[in-house]
Structure formats: C-alpha cells, structure tokens
C-alpha cells in the first residue's frame with residue numbers, strides 16, 4: 138500500500154470539499170423541484186412538507202457540522218444598514234418599473250394588498266427563501282466556484298429555475314437573484330434581502346396584469 | 003472540514019435521497035391506482051343511436067358517466083344506467099343496468115367516427131380522466147339520417163372490451 142494512501146482520511150478519499158458542496162446544492166435544489174413539480178400537485182400540502190422538511194433539516198445539519206453560525210449566514214444586524222443601502226437602489230428601480238408597466242398595462246390591483254391576510258406572512262416567506270438561496274446555495278456555490286460572478290450566476294440560475302415554468306417570473310427572478318446574490322457576497326445580511334424580496338414580490342404580484350404572472354404560480358400548479 | 007463531519011454529510015445526503023425516492027415512488031403508484039380509470043365496455047352504432055355498455059372494474063355497482071364525441075366534437079354526456087341483460091349473460095357484470103344510448107344528432111351525410119368515453123372523477127371531481135369505451139365507432143349516415151355501422155375486426159358487441 139502506498140504511504141500517501143494511508144494518510145488520506147477515508148471521507149476525503151470518498152469525496153472532496155467542492156464535490157460535497159456541489160452535491161449539497163443539487164440535492165437541495167432537487168428537494169424543492171420534487172415539492173413543486175410532483176408532491177404539491179399529486180400529494181397535497183401535507184406530503185409536500187416531507188421534502189421541504191428533509192431539505193431544511195439537511196441544511197441545518199450541514200451548517201452545524203461546518204461550524205457556520207447564524208451570524209455567518211446573515212442573521213445579524215451589524216451590517217443591516219449597509220446591506221439595505223446596497224440593495225435599495227435596484228429594489229426601488231424594480232418597484233418603479235413594476236408600478237409603471239402595470240399602470241400602463243392596466244394591471245394594478247393594489248387595493249388587494251390590504252385584503253389578503255397571507256401577505257402578512259410574505260416577509261417570513263421571503264426570509265426563508267433568502268436563507269435557502271443565499272445562506273445555503275450561495276455559500277456552497279462559493280465553496281465550489283469561489284466568490285464572484287460565477288457563484289452569483291449559479292445562485293441566481295438556481296433561484297430562477299425554481300420558478301419554472303412561469304417564464305416571466307423566471308427571468309425576473311434571475312435578475313433579482315443576481316442582485317441579491319451579489320449583495321449577499323458583499324454584505325451578508327438576510328434581513329435586508331428579505332425586505333427587498335418582500336416588497337418586489339408584493340408589488341410584482343399586484344401591479345402587473347395577472348395574466349403576465351399567472352398568480353405567481355410555479356411548478357406543475359402553473360398548469361392547473 | 004474534518005473527515006468525520008464530511009462522512010456524516012454524505013450519509014445524510016444519501017438518506018435524504020432515499021426518503022425522496024420512496025416518497026416519489028409511493029406517489030407515482032398511488033396516483034396511478036387512484037387516477038387512471040379501469041373500465042370495461044363496448045360501443046356500436048345502431049340506425050339512430052350510439053349504444054353500448056360500460057362497467058367500472060373498481061366499483062362494479064357504480065353507474066358510469068359517459069361522454070360521446072363524434073368527429074372529435076363533444077356531443078352529449080349521460081349515465082350508463084340502461085338495461086343490458088346481455089352483459090350479465092356474458093359474465094361482465096352482476097346487474098344489467100350499465101347500458102348507454104345517445105341519439106345521433108343531425109349530421110352531414112357520409113362517413114363519421116364516434117367515440118364514447120367513460121369519465122373517471124377523483125379528488126371530489128376536481129380531476130377527471132377519460133377512457134375510451136371499446137374501439138372508435140365508424141359509421142355511414144345515409145340521406146335519411148340512418149346510420150350504418152362499419153364494423154372493424156374487433157370482437158362483437160357483447161363480451162367485447
């Protein structure tokens with residue numbers, strides 16, 4: 138037996154750090170695809186909790202075993218204001234575009250914002266999405282590809298693909314994903330990103346004509 | 003990262019994949035059994051009607067909803083609850099009340115194709131699937147509006163499926 142072979146720990150012989158991070162990204166991505174395309178359509182919300190819970194459980198264990206703290210992930214306040222400033226200009230720009238396009242197309246349904254209690258949960262939903270996308274996928278993409286435009290594009294692409302087959306949402310979330318992933322790499326703060334995400338998705342859903350966004354449906358439910 | 007946590011993550015990824023495979027496979031089998039219809043039946047053209055019978059193999063006592071299409075256009079729907087003693091004799095059902103009959107509407111003279119479909123509803127009627135009953139029913143309509151069934155090589159009406 139070769140001496141170098143003896144010194145290599147078993148797990149490292151099986152899989153390297155970058156391969157493991159790639160596998161983690163693909164696995165979590167597949168969990169959400171299964172939820173959107175199979176379980177929600179065929180099994181309902183109760184069964185849909187299984188792959189979602191499996192993905193979140195894995196993500197949490199992965200953070201723990203890698204020694205990542207909530208602060209590392211972006212659950213922090215020390216860089217909240219700088220992160221908010223960073224994301225403010227693209228967010229305001231997007232909101233202005235949505236409102237202007239929606240107004241010219243006659244799609245405004247802004248009055249419904251106050252009549253739907255589920256919008257109160259939108260900040261939590263946005264925070265959960267940003268946590269998975271940035272706190273997990275973006276961080277693992279940086280492990281594989283390093284910090285910079287490659288990992289930003291991978292993160293944005295995965296975020297956009299999870300909005301298939303709603304093509305208008307796909308390209309909008311791709312652009313949004315680039316902005317959020319780049320902001321996260323500069324100032325990792327999930328609260329600032331969740332505020333931006335909440336505002337843009339709320340105005341997107343209610344300013345643009347519904348036929349353009351199909352009630353924000355994604356996965357197989359888009360067709361149902 | 004040390005090798006021990008890495009091994010654990012690999013094991014967890016495999017376990018997560020196994021759970022998801024079992025879930026998807028279970029859903030696929032359940033969806034197939036629940037959604038895809040299992041009907042036996044037959045249809046034919048008589049001089050003024052499209053007639054036949056249909057029995058649900060999952061629920062033999064159930065009176066099946068039937069939809070008629072002629073030349074790929076929806077014509078009518080109804081319930082197969084007419085008397086067909088021949089299907090009891092042929093051993094296709096325990097009771098005779100599974101027949102259907104649709105009057106042929108006003109159509110152009112000449113060749114037409116009718117298809118009768120059994121309707122299968124699941125999830126409280128929110129999902130419907132159709133299964134064609136027997137073969138497409140080809141018929142010629144003469145100037146007086148009488149249909150002449152153009153039989154194929156399929157089995158005869160009673161006992162065919």
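Chains as they are written, first to last, in our numbering: chain G, 138 to 361; chain X, 3 to 163.
Cβ atoms here follow ideal geometry from the backbone N, Cα and C, with glycine treated the same way.
| query | result |
| --- | --- |
| Shorter than 8 Å from the beta carbon of residue 281 (chain G) to some beta carbon of chain X? | no |
| Mind checking if residue 33 (chain X) is an interface residue toward chain G, Cβ cutoff 8 Å exclusive? | yes |
| Once you ignore the five residues that flank residue 34 (chain X) on each side, which residues in its own chain have a CB closer than 7 Å to its CB? | none |
| Going by Cα to Cα distance, which pick from G:326, G:309, G:176, G:298 is closest to residue 349 (chain G)? | G:309 |
| Drop a sphere of 10 angstroms on the beta-carbon of residue 63 (chain X), count the other beta-carbons inside from all chains shown, and report buried for 16 or more, exposed for fewer. | exposed |
| Using the Cβ count rule (16 or more neighbours within 10 Å means buried), how would you classify residue 339 (chain G)? | buried |
| In its own chain, which residues sit with a C-beta less than 6 Å from the C-beta of residue 67 (chain X), not counting the 5 before and 5 after it? | 81, 121 |
| Going by DSSP, which residues form a beta bridge with residue 54 (chain X)? | X:45, X:102 |
| Under 8 Å between beta-carbons, which chain X residues line up against residue 154 (chain G)? List them in chain order, please. | 3, 8 |
| Assuming residue 15 (chain X) and residue 164 (chain G) form a contact by the criterion Cβ under 8 Å, report the distance between their Cβ atoms to the nearest whole angstrom. | 5 Å |
| What did DSSP end up calling residue 117 (chain X) once you bin it into helix, strand or coil? | strand |
| Residue range of the alpha helix (DSSP H) that residue 288 (chain G) falls in? | 286 to 298 |
| Taking all protein chains shown into account, do 16 or more other C-beta atoms lie within 10 angstroms of the C-beta of residue 105 (chain X), making it buried, or fewer, making it exposed? | exposed |
| Taking the CB atoms as reference points, tell me whether residue 344 (chain G) and residue 353 (chain G) lie closer together than 8 Å. | no |
| Where residue 236 (chain G) and residue 317 (chain G) are concerned, what is the direct C-alpha to C-alpha distance, given to the nearest angstrom? | 21 Å |
| What is the residue span of the beta strand (DSSP E) that residue 139 (chain X) lies within? | 139 to 143 |
| Taking all protein chains shown into account, decide if residue 360 (chain G) is buried (16 or more other Cβ within 10 angstroms of its Cβ) or exposed. | exposed |
| Let's see if you can read the secondary structure: which residues bound the alpha helix (DSSP H) around residue 199 (chain G)? | 181 to 203 |
| Roughly how many angstroms separate the alpha carbons of residue 161 (chain G) and residue 124 (chain X), rounded to a whole number? | 37 Å |
| Evaluate the contact criterion for the segment 97 to 114 of chain X versus the segment 136 to 154 of chain X: three or more CB pairs, one atom per stretch, below 8 Å. | yes |
| Which class does residue 141 (chain G) belong to by DSSP, given the choice of helix, strand or coil? | Any reading at residue 141 (chain G) must be qualified, since the residue scores a pLDDT of 47, below 50, and its modelled position is unreliable; no value is offered. |
| I want to see whether chain X comes within less than 8 Å of residue 168 (chain G), judged by CB atoms only; does it? | yes |
| Can you tell me which of the three DSSP states residue 339 (chain G) falls into? | helix |
| Within a Cβ cutoff of 6 Å, which residues of the same chain sit near residue 147 (chain X), ignoring the five residues on either side of it in sequence? | none |
| By Cβ distance below 8 Å, which residues in the same chain neighbour residue 50 (chain X) in space, the five residues on each side in sequence not counted? | 105, 106, 147, 148, 149 |
| From the DSSP output, read off the bridge partner residues of residue 253 (chain G). | According to DSSP, which records beta bridges pairwise, residue 253 (chain G) is partnered with nothing at all. |
| Taking a contact to mean a Cβ-Cβ separation below 8 Å, would you say residue 183 (chain G) touches residue 326 (chain G) in this structure? | no |
| Under the assumption that residue 46 (chain X) contacts residue 139 (chain X) (Cβ atoms under 8 Å), give the Cβ distance between them as a whole number of angstroms. | 6 Å |
| Three-state secondary structure (DSSP) at residue 112 (chain X)? | strand |
| Taking only beta-carbon atoms, is residue 1 (chain X) less than 8 Å away from chain G? | Since the first residue shown for chain X is 3 and the last is 163, residue 1 (chain X) is missing from the structure and cannot be characterised. |
| Among the residues of its own chain, which have a CB less than 6 Å from the CB of residue 169 (chain G), if the five just before and after it don't count? | 299 |
| Run the CB neighbour count on residue 20 (chain X), radius 10 Å, all protein chains shown included, and call it buried at 16 or more, exposed below. | exposed |
| Kindly indicate the opening and closing residues of the alpha helix (DSSP H) around residue 133 (chain X). | Note, residue 133 (chain X): premise wrong, no alpha helix (DSSP H); beta strand (DSSP E) at 129 to 134. |
| Starting from residue 29 (chain X), find everything on chain G with Cβ-Cβ shorter than 8 Å and list it in chain order. | 175, 176, 179, 180, 184 |
| Any chance the segment 208 to 228 of chain G sits against the segment 259 to 275 of chain G, with 3 or more Cβ pairs inside 8 Å? | yes |
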